[in-house]
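Data block below; observations after.
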Amino acid sequence: MKNFIKRTLRNIPLLVLIFLLLQQCNLENDSTYQSLKDFADEIIVINTHEHQRWPEENGDHTYRLFHLIQGSYLMSDIVSAGGQRVSLNHLDSMSLEEYWRINGQALDHTRNTSYYSHFIKGFQKLYDFDDLYFTASNIQDLSAQVEVKYSDYRRWFDEAFQRAGFELMFLDQYWKPFNTDVAEQYYALVFHINPLVMQSSNRPAIGDELSGIYDRAEEDGFSISDLDEYLKYCDYLFTKNIEKRAVCVKNSMAYSRSLDFEDVPYEVARALFARPSESLSSKEAKKIQDYLFHWIIQKSIENDLPIQIHTGYLAGNGNTLDNGKPVKLNNLFLKYPGAKFVLFHGGYPWTGEYAAFGKMFPNVYLDLVWLPQISREEAVHALDEMFDGVPYNKFFWGGDCAFIEESTGSLEFGKDVVAEVLAKRIERGLLNEDVAFDMIQRIFRENAIEVFQLEERLGRVF
Ligand SMILES: [Zn+2]
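Everything in the sequence shown is counted per our numbering, starting at 228 for the first residue and increasing by one.
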């Protein structure tokens with residue numbers, strides 16, 4: 228025993244030294260992280276994907292905290308935890324106490340998720356709010372702040388947009404895909420092409436009321452009775468979107484069908500389109516859609532428009548996960564080397580498969596959009612792996628949210644993830660700080676300017 232005490236006492240200086248060295252290591256890593264995060268905070272961000280909408284687009288409501296939760300990703304976790312979606316109309320007349328009684332427990336059970344943490348980060352950044360979690364008592368004051376800011380949303384949006392550090396957001400208006408007018412001081416138009424593809428196999432029967440693309444076509448003076456006329460109208464929509472300075476096309480069809488787009492000959496598609504849509508089997512309907520998407524890729528090449536594609540996880544509380552498996556797109560990357568494909572969301576949970584395409588194909592780019600919100604830790608892990616394989620001029624970042632608070636939280640999360648991954652790589656001796664700064668600058672800004680050709684729009688070329 229005596230010997231043991233002696234030995235221990237003799238080793239104390241060594242133990243202290245080891246402890247100090249470990250401390251130093253952590254401090255260096257912390258300070259590397261901090262300097263990368265500080266650098267990221269100075270970047271004026273090009274945000275390559277958003278669904279921002281003016282509150283009045285959801286009807287006439289007095290916005291409070293729960294209206295924002297309702298329109299956020301967090302709501303899906305609340306439902307997953309056993310909570311309830313409440314309509315916006317119902318929310319208008321509901322007290323905060325009543326809402327907390329219905330969803331408070333489920334909300335508490337989501338305190339661990341990235342949907343929760345990124346959402347609350349937006350309030351920590353933009354509001355007078357520092358708490359780690361929402362509670363029955365702190366939401367009273369927070370909700371009152373929301374109400375004041377939303378009483379003049381245009382002013383509030385402008386202030387928050389600047390404070391968060393955005394310069395431009397790409398706006399995907401999937402809920403009104405034919406609208407080409409956007410507030411250009413904030414947004415660049417995205418040409419949302421789902422209806423062109425999905426409705427090609429859903430032509431109204433003679434005498435039926437027109438809806439969707441067929442209704443728009445008639446309004447624009449087009450009549451559609453065969454595939455050629457349908458394509459003529461699609462061509463018109465391309466021209467219109469390009470005139471309105473669309474920066475890319477967007478395919479989010481994994482929400483309603485599989486991402487495998489077979490190469491279907493024109494004659495086959497033409498003959499199927501000529502038949503009444505209700506007589507088509509689901510396989511036949513898919514063939515027309517597949518033809519249309521190939522046609523859209525060719526038009527995108529002609530017009531030099533990158534093609535953004537949703538891959539992987541599907542928002543909400545019920546869908547066919549397998550629809551969005553990135554590997555299903557492989558044939559398109561091979562067939563169209565002239566197209567620029569931008570794959571979204573890390574292909575989660577198939578992040579390795581997704582990264583492999585960015586590595587293999589010069590014309591496949593990776594947009595990290597939404598991945599940190601789905602799982603912060605998977606984003607850290609996957610991004611580290613992607614940086615082993617994929618050159619860093621091929622990454623973008625986007626927010627993918629409906630309200631400015633959530634986009635702001637999403638940006639904070641994105642910068643945090645990138646800084647953490649790069650700090651670790653510096654610590655492992657894989658990278659120096661200068662290259663890490665260049666990577667941050669490119670992911671949050673410069674790559675988008677280059678690939679989406681934004682120089683003129685941003686006033687860099689006259
Ligand atoms: Zn989206």
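We put the CB at the ideal spot given by N, CA and C, even for glycine.
Hey, is residue i close to ligand 1, as in C-beta under 6 Å from one of its heavy atoms?
i, result
"aspartate 594", "no"
"aspartate 627", "yes"
Can you tell me the Cβ-Cβ gap for residue i and residue j, rounded? I've got them flagged as a contact below 8 Å.
i, j, result
"threonine 275", "tryptophan 624", "7 Å"
"alanine 566", "asparagine 590", "6 Å"
"aspartate 447", "tyrosine 463", "7 Å"
"phenylalanine 622", "leucine 657", "Rounded, the Cβ-Cβ distance is 17 Å, inconsistent with contact."
"glutamate 612", "alanine 646", "Between alanine 646 and glutamate 612 the Cβ distance is about 17 Å, and since that is not below 8 Å, they are no contact."
"isoleucine 271", "arginine 672", "7 Å"
"serine 303", "glycine 543", "6 Å"
"phenylalanine 346", "glutamate 633", "6 Å"
"asparagine 659", "isoleucine 667", "That belief does not hold up - the Cβ atoms of asparagine 659 and isoleucine 667 are roughly 13 Å apart, past 8 Å."
"lysine 642", "alanine 371", "Between alanine 371 and lysine 642 the Cβ distance is about 29 Å, and since that is not below 8 Å, they are no contact."
"leucine 570", "threonine 538", "5 Å"
"tyrosine 460", "alanine 444", "5 Å"
"leucine 559", "phenylalanine 488", "6 Å"
"asparagine 330", "isoleucine 420", "Going by Cβ atoms, the distance from asparagine 330 to isoleucine 420 rounds to 36 Å, so no, they are not a contact pair."
Which residue marks the beginning of the alpha helix (DSSP H) containing residue i, and which one marks its end?
i, result
"glutamine 535", "Taken as a continuous stretch (DSSP letters only), glutamine 535 belongs to no alpha helix (DSSP H), being part of the beta strand (DSSP E) at 534–536."
"histidine 336", "323–336"
"methionine 396", "Here methionine 396 belongs to no alpha helix (DSSP H); instead the beta strand (DSSP E) covers 393–398."
"glutamate 683", "Unbroken run through glutamate 683: none, as it is neither H nor E."
"alanine 481", "Taken as a continuous stretch (DSSP letters only), alanine 481 belongs to no alpha helix (DSSP H), as it is neither H nor E."
"histidine 317", "315–319"
"alanine 175", "Residue 175 falls outside the range modelled here, since the chain spans only 228 to 689, and no answer is possible."
"histidine 294", "292–297"
"tyrosine 575", "Careful: tyrosine 575 lies outside any alpha helix (DSSP H) and carries neither H nor E."
"histidine 608", "603–616"
"tyrosine 441", "439–446"
"isoleucine 523", "509–529"
"alanine 646", "631–654"
"tyrosine 463", "454–470"
"tyrosine 360", "First-last for tyrosine 360: undefined, no H or E at that position."
"isoleucine 433", "Neither: isoleucine 433 is in no alpha helix (DSSP H) and is coded neither H nor E."
Note the first and the last residue of the continuous beta strand (DSSP E) segment covering residue i.
i, result
"phenylalanine 418", "414–419"
"aspartate 594", "591–594"
"isoleucine 273", "272–277"
"asparagine 674", "No beta strand (DSSP E) contains asparagine 674, which is instead part of the alpha helix (DSSP H) from 674–678."
DSSP beta-bridge partners for residue i?
i, result
"asparagine 339", "Paired residues: none, contrary to the question."
"valine 569", "Gln535, Tyr592"
"valine 476", "Phe418, Ile534"
"phenylalanine 704", "The chain is shown from 228 up to 689; residue 704 falls before or after that span and cannot be answered."
The segment 408–423 / the segment 467–485 touching (three or more Cβ pairs under 8 Å): yes
Inter-stretch contact (C-beta, 8 Å, three-pair minimum) for the segment 596–606 and the segment 336–344: yes
The segment 518–538 contacting the segment 278–286, beta-carbon criterion three pairs below 8 Å: no
Validate contact between the segment 423–434 and the segment 502–517 using beta carbons, cut 8 Å, 3 pairs: yes
Contact the segment 258–266 vs the segment 384–395: 3+ CB pairs below 8 Å: They do not touch, by the three-pair rule.
Segment contact flag, the segment 308–316 with the segment 425–441, C-beta cutoff 8 Å, min 3 pairs: no
Three CB pairs or more closer than 8 Å across the segment 398–406 and the segment 486–496: Contact between the segment 398–406 and the segment 486–496 is absent, because fewer than three Cβ pairs lie under 8 Å.
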